[in-house]
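Everything in the sequence shown is counted per my numbering, starting at 10 for the first residue and increasing by one.
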Amino acid sequence: MMCIPKRFMCDGMKDCSDHSDEDPNICSNRPRPVVSDKFRYRIQTRKCPSTWFFCVDGSNCIISRYVCDNHKDCRDGSDEAEFCHGWQGMKRNANDSIVY
C-alpha cells in the first residue's frame, strides 16, 4: 500500500501502481482541479518513470531520492512540500523506498 497526497487523487495522472487514484467510480463525481492551460498542456504530455516524483507545476520529474532532501528540485518546491515533515528520521533502502 502506498500513500499519496490528496491533491494527486483524480488529477489525471496515475500515481498508484493499481491506478486506484484515478478510479472512474471515484473520480467521476469529483470536480476536476482547475489548472491553467499553460500547465494543462505540460501535464498531459510529460511522462515520468513510475518511481519518480512529478512536480505539481509540471516543470520536472524528480528521482525519488531527491524528494524531501531539503533541496528544492522542482521550480514550485513541491518536492519539499508539507508531506516531507513527517519523513524526518526515516531512511531509504537499496531500492530507494522509504523505510519506517
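Built from N, CA and C at the ideal position, the CB exists for glycine as well.
Keep in mind the model is a prediction, meaning the values are calculated, not measured.
State the DSSP-derived secondary structure class of Ile-35, mapped to helix, strand or coil.
Translated into the one-based positions of the sequence shown, residue 35 becomes position 26. Three-state DSSP puts Ile-35 in a helix.
Sub-8 angstroms separation of Ile-13 and Asp-24 beta-carbons
Taking the sequence shown and counting its residues from 1, the one referred to as residue 13 is at position 4. Taking the sequence shown and counting its residues from 1, the one referred to as residue 24 is at position 15. Cβ distance < 8 angstroms, so Ile-13 and Asp-24 count as in contact.
When burial is assigned at 16 or more other CB atoms within 10 Å of the CB, is Asp-30 buried or exposed?
In the sequence shown, counting from the first residue as 1, residue 30 sits at position 21. Buried is the call here.
For Gly-67, does the count of other Cβ atoms within 10 angstroms reach 16, so buried, or fall short, so exposed?
Here residue 67 refers to the residue found at position 58 when the sequence shown is read from its first residue. The residue is buried, with at least 16 neighbouring Cβ atoms inside 10 Å.
Three-state secondary structure assigned by DSSP to Cys-93:
Indexing the sequence shown from 1 puts residue 93 at position 84. In the structure shown, Cys-93 sits in a helix (DSSP, three-state: H, G or I).
Buried or exposed, going by whether 16 or more other CB atoms sit within 10 Å of the CB of Asp-32?
The count along the sequence shown starts at 1 and reaches residue 32 at position 23. Classification for Asp-32: exposed.
Which residue wins for smallest C-alpha separation from Cys-64, given the options Cys-19, Met-18, Asp-88?
Translated into the one-based positions of the sequence shown, residue 64 becomes position 55. Among Cys-19, Met-18, Asp-88, the Cα nearest to that of Cys-64 belongs to Asp-88.
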